[in-house]
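**Student:** Protein chains in written order, with this note's numbering: chain C, 58 to 289; chain D, 58 to 289; chain E, 58 to 289; chain L, 58 to 289.
Virtual Cβ for every residue (Gly too), placed ideally from N, Cα, C.
Just so it is clear, the structure is predicted and the values come from calculations on it, not from any experiment.
Can you read through this structure? Questions will come right after.
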């Protein structure tokens, strides 16, 4: 079964998950655009999958408008949009730096809105498109000492739900994937005594593609993935 | 990507969803067994996909034991088990027939336990297997005038969650799929003024196969599917 | 603020929670009836609060019908009904005794339906009444090795939700209280190294009375209570 | 049973709910402080219940710091803090003004953090205090055309959960009350054909006081209230 889409934008493209997503989308013949605050680290992946790269701070309105205007002129407006960025800071509520809490809300949630708004404006006339937001365990459970991340991720989930209820009947699929665990990467591997305790980014990306591929007759809005050994 | 399993059992095989599941599993090379209270209606599908059929009232312990013992002797114990049966009766709480309420609990939930128990006993030594329970909107929301269905489907969800927490770390994938809407069938089509308001069983089955195919590194426990036009 | 009700029935009256409920209701001038499988242990409490006692296995239709018929003839049909009974058995899914699983469903959930049905029939003509179901952590989370309890408590929650949606607009308040932790009793005290880790039954009962006392303009359906030191 | 607290701060004091809260707290002998962006409308209530008033934009760090510093010097730091402010704007995602979305996050959620942080710093040394956040239907369900309100209220719920998990074991009660419906006021009454469809602020306030009064042995974190006729 084909994906049914030809162009994709991955925002927050620096993460390992994004590399897996980019490769799997490209393997389906999708033309991929990668956006991140800095494009420096994207060069290798971009070359590998033939992707265009864009510098964009997703929490800034002007940056996001510029990104979509560049896409319009270049590779074309994206039929698939995946929003990954988040910012977290930890600590007791009494000790948190308010500026960091605000940044959490801006990067994790407000940026999701900015990107989604631009995407939706381009998808509505075609009555087609798929927007996927990347959630975390903190999207549904506010952990102690981690209020800012919970605030940002809860807010992103509220955005995703509201968009799904508005946009599904308009032909635009809005999904929220809850990644319940740490994602394995070159820098971050599970400790020797906890094998298999992290998520393989390729396995997560396969579930994203499964959701993107769904028929409108049976769309998922929320999907959670976790390693088999994870407590939940 | 292959499914990674060679045998499957579909319980409650009379429904349209089961036909779609059976066809898609067979197309992946899986040997399918179909169980239902009456096997009469299964003959056509069984022939089409080369499946064995078994008569079994899933809410009766003896029937379920017999079913698995027959599978052991014949097609082999199932690596994939899908549990569909449910029984519903509607009405104000004051008017419900207690025997019908009990039947709802027995068919929708207790039968799920009986089947899962037999399956798990055979999967544990292999540290492998996948059990999927079919849920409904009523699994997470108790609707007015529909207490018996809510009781049965909530209970089934409790079973699925408890099993996932016990069995994921033992290599057995337990999933609960919430089908949020009516399933299209020959007998039951959407009204002319509500096109696309029902779920296509082939589309649902595709999501079941997506879950069955998942890598243990990123298993979903709960997945919901609904038509794009559905309110939720 | 008065409770606004004059008669109450507590089912599953053997537990420490029920003694606290009985005392607090009696202190508000409510005439209390206590029902339990065996009335032997109820004599002291009954004398203390001037309650009538009734032997009743709440999972048996005939017992429940007899109970309400006795109440009709004696202390009067209850305006407040509290349903506490549950039955739990633990163990890996592969090892559970199916008869015990069935008993869990019958006592924890089906009995709740039987009692509620009789109560509702008597409350509907008066467009008034309050039914409270006692839930547990397992009402919303299926723990490993505890599938039967999860099945029973999830089912009871489904019943409570469905009843609330049907009966709130008919003037009958239906509440579900999730007790997230162990309840302190004479037989069961917290270990020395975990002070304050259990719930005081008087404190729980105070929250029940708070819910019973609510104005229809701001009814709670679901309330959770847990000790301040409890992880959740 | 006494409340156990002597001082309270109500933030977002302009709303009808706050007047009810102020009166009921004052009736329990609690010294109340009222904070709102503008104190103009607070004069009547302040006189009636002997409250001090403070001008404060809760979404601005400096304002909130000033508020608590003024409280420290004057009526004393609050043992009870209630956070009500929210800002909402409606419309399709494509048409929303990003500045309004940001304001929703700042007023509904970030302000809650700023106020809570100041309160917690003063409560921690006493190992005592109660913080109540006012939620809405949108705290748990993202409605179509109402993404900004969902984002703000979801984020506030994430903050409340995270704080409860951190601070309950430190003796500080953190509660989140979901008001599922419109609140009746002089300006806003239910239409003639939908009597009783709004919440009476006095009835809501009674539930807030019930939560504030709870023993640490059985604290509620989340409570929902809705009118008896409300669909949910």
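Find the residues of chain C that neighbour residue 21 (chain L), judging by a C-beta separation of less than 7 angstroms, and give them in chain order.
**Tutor:** Residue 21 (chain L) lies beyond the range of chain L shown here (58 to 289); nothing can be said about it.
**Student:** So which of D:195, D:213, D:245 has the shortest CA-CA distance to residue 222 (chain E)?
**Tutor:** The residue given as residue 222 (chain E) occupies position 165 in the third chain. Among D:195, D:213, D:245, the Cα nearest to that of residue 222 (chain E) is on D:195.
**Student:** Suppose you measure from the CA of residue 83 (chain L) to the CA of residue 135 (chain C); what does that come to, to the nearest Å?
**Tutor:** Translated into positions along the fourth chain, residue 83 (chain L) becomes position 26. Translated into positions along the first chain, residue 135 (chain C) becomes position 78. For residue 83 (chain L) and residue 135 (chain C), the distance between alpha carbons rounds to 58 angstroms.
**Student:** With a 10 Å radius around its C-beta and 16 neighbouring C-beta atoms as the bar for buried, classify residue 246 (chain L) as buried or exposed.
**Tutor:** Working through the fourth chain from its first residue, we reach residue 246 (chain L) at position 189. The residue in question, residue 246 (chain L), is exposed, as its Cβ has fewer than 16 Cβ neighbours within 10 Å.
**Student:** Report the neighbours of residue 214 (chain C) on chain L: residues whose CB is nearer than 7 angstroms to its CB, in chain order.
**Tutor:** Indexing the first chain from 1 puts residue 214 (chain C) at position 157. Residues of chain L passing the Cβ test: 211.
**Student:** Quick check on residue 170 (chain E) - is its C-beta less than 8 angstroms from some C-beta in chain D?
**Tutor:** As a first step, residue 170 (chain E) must be located in the third chain, where it is residue number 113. Yes, because at least one Cβ of chain D sits closer than 8 angstroms to the Cβ of residue 170 (chain E).
**Student:** Reducing DSSP to helix, strand and coil, say where residue 283 (chain E) ends up.
**Tutor:** Counted from its first residue, the third chain places residue 283 (chain E) at position 226. Residue state, collapsed to three classes: strand.
**Student:** Answer with yes or no whether the minimum CB distance from residue 267 (chain L) to chain E is below 8 angstroms.
**Tutor:** Residue mapping note: residue 267 (chain L) aligns to position 210 of the fourth chain, counting from 1. For residue 267 (chain L), the answer is yes, since a Cβ of chain E falls inside 8 angstroms of its Cβ.
**Student:** Under three-state DSSP, which class holds residue 108 (chain D)?
**Tutor:** For the purposes of this step, residue 108 (chain D) is taken as residue 51 along the second chain, with counting starting at 1. The answer is coil: DSSP assigns residue 108 (chain D) none of H, G, I, E or B.
**Student:** Which chain C residues sit within Cβ distance under 7 angstroms of residue 223 (chain L)?
**Tutor:** Position 166 of the fourth chain, counting from 1, holds the residue named residue 223 (chain L). Near residue 223 (chain L) (Cβ distances below 7 angstroms), the residues of chain C are 149, 150, 201, 202.
**Student:** Suppose only complete runs of 3+ residues qualify. What are the beta strand (DSSP E) ranges in the region 130-156 of chain E, listed by chain order?
**Tutor:** Within the region 130-156 of chain E, the complete beta strand (DSSP E) runs of at least 3 residues are 137-140.
**Student:** Along the beta strand (DSSP E) that carries residue 210 (chain C), what are the first and last residues, could you check?
**Tutor:** Here residue 210 (chain C) corresponds to residue number 153 of the first chain, with the count starting at 1. Element bounds for residue 210 (chain C): not the beta strand (DSSP E) but the alpha helix (DSSP H), 204-224.
**Student:** What alpha helix (DSSP H) runs, 4 residues minimum, are completely inside the region 58-96 of chain E?
**Tutor:** DSSP runs (the alpha helix (DSSP H)) wholly in the region 58-96 of chain E: 73-84.
**Student:** With distances taken Cα to Cα, identify the nearest neighbour of residue 66 (chain L) among L:188, L:60, L:98, L:184.
**Tutor:** For the purposes of this step, residue 66 (chain L) is identified with residue 9 of the fourth chain, where counting begins at 1. If we check each option's Cα against that of residue 66 (chain L), L:188 comes out closest.
**Student:** Taking contact to mean 3 or more Cβ pairs, one atom from each stretch, closer than 8 angstroms, check whether the region 209-226 of chain D and the region 232-243 of chain E are in contact.
**Tutor:** The region 209-226 of chain D, when compared against the region 232-243 of chain E, does not touch it at the 8 angstroms Cβ threshold.
**Student:** Give me the residue from L:183, L:208, L:138, L:99 with the minimum Cα distance to residue 147 (chain L).
**Tutor:** To locate residue 147 (chain L), count along the fourth chain from 1; it is residue 90. For the residues L:183, L:208, L:138, L:99, the minimum Cα distance to residue 147 (chain L) belongs to L:208.
**Student:** Counting contacts by CB-CB distance shorter than 8 angstroms, is residue 142 (chain D) in contact with chain E?
**Tutor:** Position 85 of the second chain, counting from 1, holds the residue named residue 142 (chain D). No, residue 142 (chain D) lies away from the interface with chain E (no Cβ there is under 8 angstroms from its Cβ).
**Student:** For residue 253 (chain L) versus residue 205 (chain L), is the C-beta spacing smaller than 8 angstroms?
**Tutor:** Position 196 of the fourth chain, counted from the start, is the residue given in the question as residue 253 (chain L). Position 148 of the fourth chain, counted from the start, is the residue given in the question as residue 205 (chain L). Against a cut-off of 8 angstroms, the Cβ pair of residue 205 (chain L) and residue 253 (chain L) comes out as no contact.
**Student:** Using a Cβ-Cβ cutoff of less than 6 angstroms, which residues in the same chain neighbour residue 279 (chain D) once the five nearest sequence positions on both sides are dropped?
**Tutor:** One-based indexing of the second chain puts residue 279 (chain D) at position 222. Only 233 meet the Cβ criterion.
**Student:** Chain A partners of residue 181 (chain E), CB-CB under 7 angstroms?
**Tutor:** Although the question refers to chain A, the structure presented lacks it and instead comprises the protein chains C, D, E and L.
**Student:** Does any residue of chain D bring its CB to less than 8 angstroms from the CB of residue 196 (chain C)?
**Tutor:** Residue numbering aside, residue 196 (chain C) sits at position 139 when the first chain is read from its first letter. No, residue 196 (chain C) lies away from the interface with chain D (no Cβ there is under 8 angstroms from its Cβ).
**Student:** Please compile the residues from chain E whose C-beta is within a distance smaller than 7 angstroms of the C-beta of residue 255 (chain D).
**Tutor:** Counted from its first residue, the second chain places residue 255 (chain D) at position 198. The premise fails here: residue 255 (chain D) is roughly 23 angstroms from chain E at the closest Cβ pair, so nothing lies under 7 angstroms.
**Student:** Between which two residues does the alpha helix (DSSP H) containing residue 261 (chain C) stretch?
**Tutor:** The residue given as residue 261 (chain C) occupies position 204 in the first chain. Run containing residue 261 (chain C): 258-270, per the alpha helix (DSSP H) assignment.
**Student:** How many Å lie between residue 140 (chain D) and residue 99 (chain E) at the Cα?
**Tutor:** Translated into the one-based positions of the second chain, residue 140 (chain D) becomes position 83. Translated into the one-based positions of the third chain, residue 99 (chain E) becomes position 42. Distance between the alpha carbons of residue 140 (chain D) and residue 99 (chain E) is about 44 angstroms.
**Student:** May I ask you to list, following chain order, the residues of the region 59-90 of chain C that have a beta carbon less than 7 angstroms from some beta carbon of chain D?
**Tutor:** Listed by position along the chain: nothing, the set is empty.
**Student:** When you compare only the Cα positions, how much space is there between residue 292 (chain L) and residue 131 (chain L)?
**Tutor:** Because chain L here runs from 58 to 289, residue 292 (chain L) falls outside it and cannot be looked at.
**Student:** Keeping to the same chain, check which residues put their C-beta closer than 6 angstroms to that of residue 212 (chain L); ignore five residues upstream and five downstream.
**Tutor:** Within the fourth chain, residue 212 (chain L) is the residue found at index 155, counting from 1. Cβ within range, chain order: 166.
**Student:** Given that residue 226 (chain L) touches chain E, what residues does it touch there, using C-beta distances under 8 angstroms?
**Tutor:** Within the fourth chain, residue 226 (chain L) is the residue found at index 169, counting from 1. Within 8 angstroms Cβ-Cβ: 285, 286.
**Student:** Specify whether the region 67-81 of chain L and the region 251-271 of chain E touch according to this definition: at least 3 beta carbon pairs, one from each stretch, less than 8 angstroms apart.
**Tutor:** Counting Cβ pairs under 8 angstroms, fewer than three are found: no touch.
**Student:** Could you please give the first and the last residue of the uninterrupted beta strand (DSSP E) stretch that includes residue 234 (chain E)?
**Tutor:** For the purposes of this step, residue 234 (chain E) is taken as the residue at position 177 of the third chain. Here the beta strand (DSSP E) through residue 234 (chain E) covers 229-236.
**Student:** Looking at the secondary structure, which residues open and close the alpha helix (DSSP H) in which residue 193 (chain L) lies?
**Tutor:** For the purposes of this step, residue 193 (chain L) is taken as the residue at position 136 of the fourth chain. Where residue 193 (chain L) is concerned, there is no enclosing alpha helix (DSSP H), although the beta strand (DSSP E) it sits in stretches over 186-193.
**Student:** When the distance is taken between beta carbons, is residue 192 (chain E) closer than 8 angstroms to residue 214 (chain E)?
**Tutor:** Numbered from 1 along the third chain, position 157 holds the residue referred to as residue 214 (chain E). Numbered from 1 along the third chain, position 135 holds the residue referred to as residue 192 (chain E). Yes, they are a contact pair.
**Student:** Buried or exposed, going by whether 16 or more other CB atoms sit within 10 Å of the CB of residue 287 (chain C)?
**Tutor:** Counted from its first residue, the first chain places residue 287 (chain C) at position 230. Label assigned to residue 287 (chain C): buried.
**Student:** Shorter than 8 angstroms from the beta carbon of residue 271 (chain E) to some beta carbon of chain D?
**Tutor:** Numbered from its first residue, the third chain carries residue 271 (chain E) at position 214. No, residue 271 (chain E) does not count as interfacial toward chain D.
**Student:** Tell me the residue span of the alpha helix (DSSP H) that contains residue 176 (chain D).
**Tutor:** In the second chain, counting from the first residue as 1, residue 176 (chain D) sits at position 119. Run containing residue 176 (chain D): 168-180, per the alpha helix (DSSP H) assignment.
**Student:** Can the beta-carbon of residue 202 (chain L) be found less than 8 angstroms from the beta-carbon of residue 155 (chain L)?
**Tutor:** On the fourth chain, residue 202 (chain L) is found 145 positions in, with the first residue counted as 1. On the fourth chain, residue 155 (chain L) is found 98 positions in, with the first residue counted as 1. Cβ atoms of residue 202 (chain L) and residue 155 (chain L): not closer than 8 angstroms.
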